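Adding 1 to a residue's 1-based position in the sequence shown gives its number in the numbering used here.
Shown next, in structure tokens, is the structure this report addresses.
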Amino acid sequence: MFLQIDHIAFSSAKNDEAVKLFETLGYSKRFSSNNVPNPAIKRKLVSHFTPTHDLVLMDHPNSISIEFIDYGYAGKLPGYVLPIFDGLRTYEGINESSAGKFKNTTLAPGTLDIPICVTEDATGLALNKAIINTSDVSLSMTFWKFFGFNQIPDDTGLVAMEFLSILKKQKFVIYLRKSEPKSGSGHFSLDDNGFNCIALISNSASNEHQKLSASKVKVTEIESVSVNGKVLDIFFAIGPGGEIVEVLSLGGVSK
Numbered sequence: 002m003f004l005q006i007d008h009i010a011f012s013s014a015k016n017d018e019a020v021k022l023f024e025t026l027g028y029s030k031r032f033s034s035n036n037v038p039n040p041a042i043k044r045k046l047v048s049h050f051t052p053t054h055d056l057v058l059m060d061h062p063n064s065i066s067i068e069f070i071d072y073g074y075a076g077k078l079p080g081y082v083l084p085i086f087d088g089l090r091t092y093e094g095i096n097e098s099s100a101g102k103f104k105n106t107t108l109a110p111g112t113l114d115i116p117i118c119v120t121e122d123a124t125g126l127a128l129n130k131a132i133i134n135t136s137d138v139s140l141s142m143t144f145w146k147f148f149g150f151n152q153i154p155d156d157t158g159l160v161a162m163e164f165l166s167i168l169k170k171q172k173f174v175i176y177l178r179k180s181e182p183k184s185g186s187g188h189f190s191l192d193d194n195g196f197n198c199i200a201l202i203s204n205s206a207s208n209e210h211q212k213l214s215a216s217k218v219k220v221t222e223i224e225s226v227s228v229n230g231k232v233l234d235i236f237f238a239i240g241p242g243g244e245i246v247e248v249l250s251l252g253g254v255s256k
């Protein structure tokens with residue numbers, strides 16, 4: 002059973018600067034770890050595999066957490082996740098460029114150049130929705146349903162799907178938008194520049210792995226990793242539209 006969205010992953014060649022930027026937006030560090038072994042199951046999901054990476058997990062009271070990953074480099078292509086921020090319209094690091102319900106903008110233009118969207122809502126910072134780029138919207142709708150997302154009415158012209166957490170009052174909405182992966186691999190990459198993966202917590206990664214495999218969803222093997230003193234079971238699922246989802250749970254791999 003999927004319990005909640007754990008985080009959105011972010012990768013950049015200027016990760017330290019990105020962390021400092023998000024601290025100014027009200028995010029705080031939960032923990033940071035250096036030289037963390039890079040899971041072998043990532044090998045085919047990145048453009049260049051490195052044995053270790055650094056990471057910082059940051060939280061915000063009204064938002065999904067962000068995991069900043071430093072591979073020692075950054076991919077040249079943009080990630081498939083385009084986060085939608087409420088409450089950033091007046092932030093001085095915003096470069097607004099287009100009209101509509103969601104405005105395509107750049108956060109920290111000229112330095113970090115992070116592609117995001119912002120809304121008209123100015124009641125306070127919140128990150129609880131995102132545009133998901135996919136090569137096939139129809140197939141992606143089925144894919145995201147496996148992770149507890151359900152379609153909801155919406156007036157954006159995009160397919161909107163909502164995840165409701167059973168652990169806390171948290172909802173996360175994704176908007177599916179057609180966009181082809183440019184890597185040539187048929188999927189996006191975990192080291193794409195910017196926001197590049199959504200991670201969900203389950204009560205059993207092993208059970209989810211079995212269910213997804215039985216439904217012919219492409220998945221990696223399960224790998225046990227140690228992060229911040231905790232052992233986690235993780236695996237990745239690759240959608241038919243190229244998106245990549247991480248599934249994690251506490252404990253060692255269940256046999």
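A virtual CB, placed ideally from N, CA and C, is assigned to each residue, including glycine.
Small disclaimer: the values here were computed from a predicted structure and weren't measured.
Under the three-state DSSP convention, the category residue i falls into
i      : result
Asp17  : helix
Val254 : Model confidence at Val254 stands at a pLDDT of 48, short of 50, so the residue's coordinates are unreliable and nothing is read from them.
Ile199 : strand
Ala41  : helix
Thr25  : helix
Leu168 : coil
Leu78  : coil
Leu249 : strand
Leu191 : coil
Leu83  : strand
Leu46  : helix
Leu108 : strand
Neighbour flag for residue i against chain B, beta carbons, 8 angstroms
i     : result
Ile67 : Of the chains in the structure shown, none is chain B; there is only one protein chain.
Alpha carbon of residue i to alpha carbon of residue j, nearest angstrom
i      : j      : result
Phe23  : Ile6   : 19 angstroms
Thr25  : Ser141 : 35 angstroms
Ala100 : Lys219 : Here the model assigns Ala100 a pLDDT of 46, short of 50, so the residue's position is not dependable, and the following value carries that caveat. Roughly 37 angstroms between the two C-alpha positions.
Ala19  : Ala206 : 30 angstroms
Asn72  : Phe86  : For clarity, residue 72 is Tyr in the given sequence; the question names Asn instead. Their backbone Cα atoms lie some 25 angstroms apart in a straight line.
Gln211 : Gly243 : 21 angstroms
Ala131 : Phe173 : 8 angstroms
Val57  : Cys118 : 23 angstroms
Asp122 : Ile175 : 17 angstroms
Gln171 : Met162 : 14 angstroms
Asn151 : Leu4   : 15 angstroms
Ile115 : Leu83  : 9 angstroms
Ser139 : Lys179 : 10 angstroms
Thr120 : Asp156 : 14 angstroms
Residue j beta carbon less than 8 angstroms from that of residue i
i      : j      : result
Asn63  : Phe50  : no
Glu224 : Ile42  : yes
Ala14  : Ala200 : no
Leu177 : Leu165 : no
Leu89  : Leu126 : yes
Ile235 : Val248 : yes
Val228 : Phe237 : no
Residue i - containing alpha helix (DSSP H), residue span
i      : result
Asn208 : Ala206 to Ala215
Lys146 : Val138 to Lys146
Boundaries (first-last residue) of the beta strand (DSSP E) holding residue i
i      : result
Tyr1   : Nothing about residue 1 can be reported from this structure: the residues present for the chain run from 2 to 256 only.
Met59  : Thr53 to His61
Ile67  : Ser64 to Asp71
Thr135 : Ala127 to Thr135
Pro116 : Ile115 to Val119
Ile9   : Phe3 to Ser12
Lys231 : Lys231 to Ile239
Counting pairs of beta carbons, one from the segment 193–206 and one from the segment 74–85, are three or more of them closer than 8 angstroms? yes
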